[in-house]
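Engineer:
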Amino acid sequence: MTLLTSDQVIDRSVIANRLDTITKEMGYALERSSRSPIFAEACDFACGICDGQGNLVSQLSGIPILAAAGAFSVQAILAKFQNNIHDRDVFIINDPYQGGNHLPDIGIISALVVDSERVFFCVSRAHHGDIGGSVAGSYNTQATEIFQEGIRIPPTKLMNAGVLNEDIMDLITRNVRDPEMMRSDLWAQIGANQIGLARLQDMIREFSLKRVQESVARILSHAETLTKKAIAVLPDGVYTGEEWVDDDGFQAEPIKLALTVKIAGEEMVLDFTGTDPQVKGFVNTAKVTATSAAWIGALWALGGDIPRNSGAFQAIKVILPEGSIVNPLPPAPVTLSTLTPASEMISLIFRTLAPAAPGRLPAGFGRYCGPSFYGIDPRNDKFYIGFCFCSLGSGGALESKDGNPYMAPLSNYGGVRTPNIEANEVQYPHLTLCHEMEPDSAGAGQWRGGAGIRYTIKFYGDPTHIVMYGDGMKIPPFSIGQGLPGSLNRAYLTTPEGRTRAMASKEAPQELPGETVLTVITSGGGGCGEPLKRSPELILEDVRNGLLSPERARADYGVTFVDQTIDWAETRRLREERGSE
Numbered sequence: 061m062t063l064l065t066s067d068q069v070i071d072r073s074v075i076a077n078r079l080d081t082i083t084k085e086m087g088y089a090l091e092r093s094s095r096s097p098i099f100a101e102a103c104d105f106a107c108g109i110c111d112g113q114g115n116l117v118s119q120l121s122g123i124p125i126l127a128a129a130g131a132f133s134v135q136a137i138l139a140k141f142q143n144n145i146h147d148r149d150v151f152i153i154n155d156p157y158q159g160g161n162h163l164p165d166i167g168i169i170s171a172l173v174v175d176s177e178r179v180f181f182c183v184s185r186a187h188h189g190d191i192g193g194s195v196a197g198s199y200n201t202q203a204t205e206i207f208q209e210g211i212r213i214p215p216t217k218l219m220n221a222g223v224l225n226e227d228i229m230d231l232i233t234r235n236v237r238d239p240e241m242m243r244s245d246l247w248a249q250i251g252a253n254q255i256g257l258a259r260l261q262d263m264i265r266e267f268s269l270k271r272v273q274e275s276v277a278r279i280l281s282h283a284e285t286l287t288k289k290a291i292a293v294l295p296d297g298v299y300t301g302e303e304w305v306d307d308d309g310f311q312a313e314p315i316k317l318a319l320t321v322k323i324a325g326e327e328m329v330l331d332f333t334g335t336d337p338q339v340k341g342f343v344n345t346a347k348v349t350a351t352s353a354a355w356i357g358a359l360w361a362l363g364g365d366i367p368r369n370s371g372a373f374q375a376i377k378v379i380l381p382e383g384s385i386v387n388p389l390p391p392a393p394v395t396l397s398t399l400t401p402a403s404e405m406i407s408l409i410f411r412t413l414a415p416a417a418p419g420r421l422p423a424g425f426g427r428y429c430g431p432s433f434y435g436i437d438p439r440n441d442k443f444y445i446g447f448c449f450c451s452l453g454s455g456g457a458l459e460s461k462d463g464n465p466y467m468a469p470l471s472n473y474g475g476v477r478t479p480n481i482e483a484n485e486v487q488y489p490h491l492t493l494c495h496e497m498e499p500d501s502a503g504a505g506q507w508r509g510g511a512g513i514r515y516t517i518k519f520y521g522d523p524t525h526i527v528m529y530g531d532g533m534k535i536p537p538f539s540i541g542q543g544l545p546g547s548l549n550r551a552y553l554t555t556p557e558g559r560t561r562a563m564a565s566k567e568a569p570q571e572l573p574g575e576t577v578l579t580v581i582t583s584g585g586g587g588c589g590e591p592l593k594r595s596p597e598l599i600l601e602d603v604r605n606g607l608l609s610p611e612r613a614r615a616d617y618g619v620t621f622v623d624q625t626i627d628w629a630e631t632r633r634l635r636e637e638r639g640s641e
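Set out below in structure tokens:
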């Protein structure tokens, strides 16, 4: 191993931080220049920088499942265009079978070429509210092939040396339901990349191209070294686990995810052989999303001090059996994949590696389960598409720490923001009746999970169309040790006449009359450790805050109350009795 000089170490540190700052600025620019609520309010996007070979070198801004996948898009561009890449060329891509996540996530890639050499690519990857297909919002629960999910964009040159190909822009935007919104948001992505390119040029002028490229190589090498060292700390062995997806909307039976993790010295292999074959519905996940989910889960187990870049990814081998739900054959539908099964893959890694990394990995997180809705807004006669970003689930507990509320699903891990309630009511024809934590939803334990959320809205558009999609209505977030699992997702529709029915996690698009009420109750996270060891004072605090009922406090924790204070004598008796049992 060659030792670095102090100047080289300083260069590596300064340039790494400069790259991270650039990706953050790209994210700020994208958020502030976009029009759609899914960009400007929920921030469902990621920004990153790749080197000239397509290696991801920085990706601080954005949600994990999009950011980690940035390199795949650039590599698809490189494979197709090779020597036909020039300075200020801009490319567009979304095909899950050619470097994309799922169709709504459009990648914009901008090239920086210096003296005929590809130096950097700026990447913005963002979820657009509609990508065409047979259902507005593009979550088609009835899709059986990707052609029913929207327009597929292979690696395509959108701008040549900074000049827009208007025909391509027109072709793409004509295939969606709100072409002006998409056009505006694509320009926001292009603009964010342009800011990134300008900052990279400033950095090259300041340090010189040679110093920057040498430092980037060291950044990637350093991340790979840190990853291998972290793997070496884990006990060698073979670890196996299983996780389940509720269903795919067609079959009622759960779908199995299987994992074998092999650790030997500095090598880690994540092998998903044994996972169920691809299914009819849209819970299949193409290789890009599945690999990204595997990297996210593995690096979580290895530690937060490792940069999330291609150097770290290089040290983790992922095996995805062809024809399975984690690597389907086209044209399998895949739209739900960035939520389910990506989150379940990460959860499976947690469960499998928990014995190798005790105390480092949390219990299960809530799974996403919330509808999209669309129609004509009666206030302005304009078409709208909305998403239930206000119905997120919560995180699982960790040894020494309760689960974080309102953080699920795992593939996003808090990256998607909850829109402002008042802004939501301006943007969409509905009223928010309730938005609060749900009592008795957190998995019990010495450290409890985060509480779930109750979210109730009344639609006044007539009619409103709704599509229910998600998971976690049959399989709860798992617990650790002697903790208890989290709660299940639930959803209900109440008609104007007062009739209420429970919804499934995946339902076909349906028309709702005005004044229909939707209620979504999301999962609380799994608990960690023996519930009887939880401090009675913390249980009293949860009861006073409305997160726990006195009845569940007694049943789960052996704590009783008199006049809203702890009945210490009865609590000791109950806990001693249950402890002896």
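Using the numbering used here, the first residue of the sequence shown is number 61, and each one after it goes up by one. Each residue gets a CB set at the ideal place from its N, CA and C atoms; glycine is no exception.
1) Tell me which residue opens and which closes the alpha helix (DSSP H) that Phe449 is part of.
2) Ordered along the chain, which non-local residues of its own chain (more than five positions away) have a Cβ less than 7 Å from that of Pro390?
3) Among the candidates Asn235, Asp245, Ser194, Ala562, whose CA atom is the shortest distance from the CA of Val99?
4) So, helix, strand or coil for Asn39, using DSSP?
5) Count Cβ pairs between the segment 73-89 and the segment 226-233 that sit closer than 8 Å; are there 3 or more?
6) I want to know whether the segment 416-425 touches the segment 373-390 - three or more CB-CB distances under 8 Å.
7) CB Ile153 to CB Ser133, shorter than 7 Å?
8) Using C-beta distances below 8 Å, list every residue in its chain close to Glu284, excluding the 5 sequence neighbours before and after it, in chain order.
9) Please return the same chain residues whose Cβ sits closer than 7 Å to the Cβ of Lys461, not counting the five positions on each side in sequence.
10) May I ask which residues mark the beginning and end of the alpha helix (DSSP H) holding Gln254?
11) Can you tell me which of the three DSSP states Lys270 falls into?
12) Report all residues from its chain with a CB closer than 6 Å to the CB of Leu319; omit the five preceding and five following residues, and keep chain order.
13) Our contact map puts Ile125 next to Thr560 with C-beta atoms below 8 Å; I'd like the distance itself, whole angstroms only.
14) Please go through the same chain and pick out, in chain order, the residues whose beta-carbon is closer than 6 Å to the beta-carbon of Leu138, but skip the five residues on each side of it.
15) Check the DSSP bridge columns for Met328 and list the partner residues they point to.
16) Per DSSP, which one or two residues make a beta bridge with Lys518?
17) To the nearest whole angstrom, what separates the beta carbons of Pro536 and Pro545, a pair I think is in contact under 8 Å?
18) State the start and end residues of the unbroken alpha helix (DSSP H) segment that holds Met633.
19) Is it right to say Asn480 is buried, meaning 16 or more other beta carbons lie within 10 angstroms of its own, or is it exposed?
20) Quick one: what does DSSP say Asp104 is sitting in, helix, strand or coil?
21) What does a CB cutoff of less than 6 Å around Val378 pick up in its chain, not counting 5 residues either side in sequence?
22) Could you please give the first and the last residue of the uninterrupted alpha helix (DSSP H) stretch that includes Tyr299?
23) For Trp360, count neighbouring C-beta atoms within 10 Å of its own C-beta (all shown protein chains included) and say buried if the count is 16 or more, exposed if not.
24) Please go through the same chain and pick out, in chain order, the residues whose beta-carbon is closer than 8 Å to the beta-carbon of Ile436, but skip the five residues on each side of it.
25) Bridge partners for Met229 per DSSP, in chain order?
26) Going by C-alpha to C-alpha distance, which of Arg439, Gly122, Arg72, Leu90 sits closest to Gln273?
27) Report yes if the C-beta distance between Gly586 and Gly456 is below 7 Å; otherwise report no.
28) By alpha-carbon positions, which one of Ala186, Ile123, Val298 ends up nearest to Tyr473?
29) My output table needs one value for Glu597: the three-state DSSP class, helix, strand or coil.
30) Look at the alpha carbon of Ala248 and the alpha carbon of Leu63, and state the distance between them as a whole number of angstroms.
31) In the DSSP assignment, what are the bridge partners of Phe621?
32) Per DSSP, what kind of secondary structure is Gly87 in: helix, strand or coil?
33) Within a Cβ cutoff of 6 Å, which residues of the same chain sit near Lys288, ignoring the five residues on either side of it in sequence?
34) Should Lys566 be labelled buried (16 or more other beta-carbon atoms within 10 Å of its own) or exposed?
35) Could you tell me which residues DSSP puts in a beta bridge with Pro337?
36) Taking just the CA atoms, how far does Asp147 sit from Ala171?
Structural biologist: Let me lay it out:
1) As a working mapping, residue 449 is identified with position 389 in the sequence shown. That residue, Phe449, is in no alpha helix (DSSP H); it is neither H nor E in DSSP.
2) Here residue 390 corresponds to residue number 330 of the sequence shown, with the count starting at 1. Within the same chain, Pro390 has close Cβ partners Tyr157, Ile206.
3) Within the sequence shown, the letter at position 39 stands for residue 99. For clarity, residue 99 is Phe in the given sequence; the question names Val instead. For the residues Asn235, Asp245, Ser194, Ala562, the minimum Cα distance to Phe99 belongs to Asp245.
4) Residue 39 lies beyond the residue range present for the chain, which begins at 61 and ends at 641; the question has no answer from this structure.
5) no
6) no
7) Along the sequence shown, read from residue 1 onward, the residue named residue 153 stands at position 93. Along the sequence shown, read from residue 1 onward, the residue named residue 133 stands at position 73. It is a contact, given that the beta carbons lie within the stated cut-off.
8) On the sequence shown, position 224 is the one that residue 284 refers to. So the qualifying residues of the chain are Gly371, Ala372, Gln374, Ala375.
9) Position 401 of the sequence shown holds residue 461. For Lys461, where only same-chain residues beyond five positions count, the Cβ hits under 7 Å are Trp507.
10) Here the question's residue 254 lines up with position 194 in the sequence shown. Where Gln254 is concerned, the enclosing alpha helix (DSSP H) stretches over 239-267.
11) Working through the sequence shown from its first residue, we reach residue 270 at position 210. Lys270 falls in the helix class under three-state DSSP.
12) Taking the sequence shown and counting its residues from 1, one reaches residue 319 at position 259. Contacts found: Gly301, Phe332, Leu408, Thr412.
13) For the purposes of this step, residue 125 is taken as the residue at position 65 of the sequence shown. For the purposes of this step, residue 560 is taken as the residue at position 500 of the sequence shown. With a Cβ gap of about 34 Å, Ile125 and Thr560 do not count as contacting.
14) Locating residue 138 in the sequence shown gives position 78, counting from the first residue. If we look at Leu138 and ignore the five residues flanking it on each side, its Cβ neighbours are Gly114.
15) Taking the first residue of the sequence shown as position 1, residue 328 is located at position 268. Note: Met328 sits in a beta bridge opposite Ile323, Ile376.
16) Counting from 1 along the sequence shown, the entry for residue 518 is found at position 458. In DSSP, Lys518 forms a bridge with Leu491, Val577.
17) For the purposes of this step, residue 536 is taken as residue 476 along the sequence shown, with counting starting at 1. For the purposes of this step, residue 545 is taken as residue 485 along the sequence shown, with counting starting at 1. That belief holds up - the Cβ atoms of Pro536 and Pro545 are roughly 4 Å apart, short of 8 Å.
18) Working through the sequence shown from its first residue, we reach residue 633 at position 573. Reading off the sequence shown, one finds Arg at residue 633, where the question assumed Met. Taken as a continuous stretch (DSSP letters only), the alpha helix (DSSP H) holding Arg633 covers 628-640.
19) Taking the sequence shown and counting its residues from 1, one reaches residue 480 at position 420. Counting Cβ neighbours within 10 Å, Asn480 comes out exposed, since fewer than 16 surround it.
20) Reading the sequence shown from its first residue, position 44 is the one you call residue 104. In the structure shown, Asp104 sits in coil (DSSP, three-state: anything other than H, G, I, E or B).
21) Translated into positions along the sequence shown, residue 378 becomes position 318. So the qualifying residues of the chain are Leu330, Thr351, Ala354.
22) For the purposes of this step, residue 299 is taken as the residue at position 239 of the sequence shown. Not the alpha helix (DSSP H): Tyr299 falls in the beta strand (DSSP E), residues 297-305.
23) If you number the sequence shown from 1, residue 360 lands on position 300. Under this definition Trp360 is a buried residue.
24) Residue numbering aside, residue 436 sits at position 376 when the sequence shown is read from its first letter. Excluding residues within five positions, the ones whose Cβ falls inside 8 Å are Lys442, Phe443, Tyr444, Gly521.
25) Counted from its first residue, the sequence shown places residue 229 at position 169. DSSP, once it has assigned bridges, lists no residue as partnering Met229.
26) Start at 1 with the first residue of the sequence shown, and residue 273 comes out as number 213. If we check each option's Cα against that of Gln273, Arg72 comes out closest.
27) Residue numbering aside, residue 586 sits at position 526 when the sequence shown is read from its first letter. Residue numbering aside, residue 456 sits at position 396 when the sequence shown is read from its first letter. Yes.
28) Sequence index remark: in the sequence shown, residue 473 carries index 413 (1-based). Nearest C-alpha to Tyr473: Ile123.
29) By one-based count along the sequence shown, residue 597 stands at place 537. Correct three-state label for Glu597: helix.
30) One-based indexing of the sequence shown puts residue 248 at position 188. One-based indexing of the sequence shown puts residue 63 at position 3. Each residue's Cα considered, the two are about 43 Å apart.
31) For the purposes of this step, residue 621 is taken as the residue at position 561 of the sequence shown. The partner list for Phe621 (beta bridge, DSSP) reads Ile626.
32) The residue given as residue 87 occupies position 27 in the sequence shown. Looking at Gly87 - three-state DSSP - the assignment turns out to be helix.
33) In the sequence shown, the residue the question calls residue 288 occupies position 228. The answer, listed in chain order, is Glu326, Ala375.
34) Numbered from its first residue, the sequence shown carries residue 566 at position 506. By the 10 Å Cβ count, Lys566 comes out buried.
35) What you label residue 337 is simply residue 277 of the sequence shown in a count that begins at 1. Answer by DSSP bridge pairing, in chain order: Ser384.
36) For the purposes of this step, residue 171 is taken as residue 111 along the sequence shown, with counting starting at 1. For the purposes of this step, residue 147 is taken as residue 87 along the sequence shown, with counting starting at 1. Cα to Cα, Ala171 sits roughly 6 Å from Asp147.
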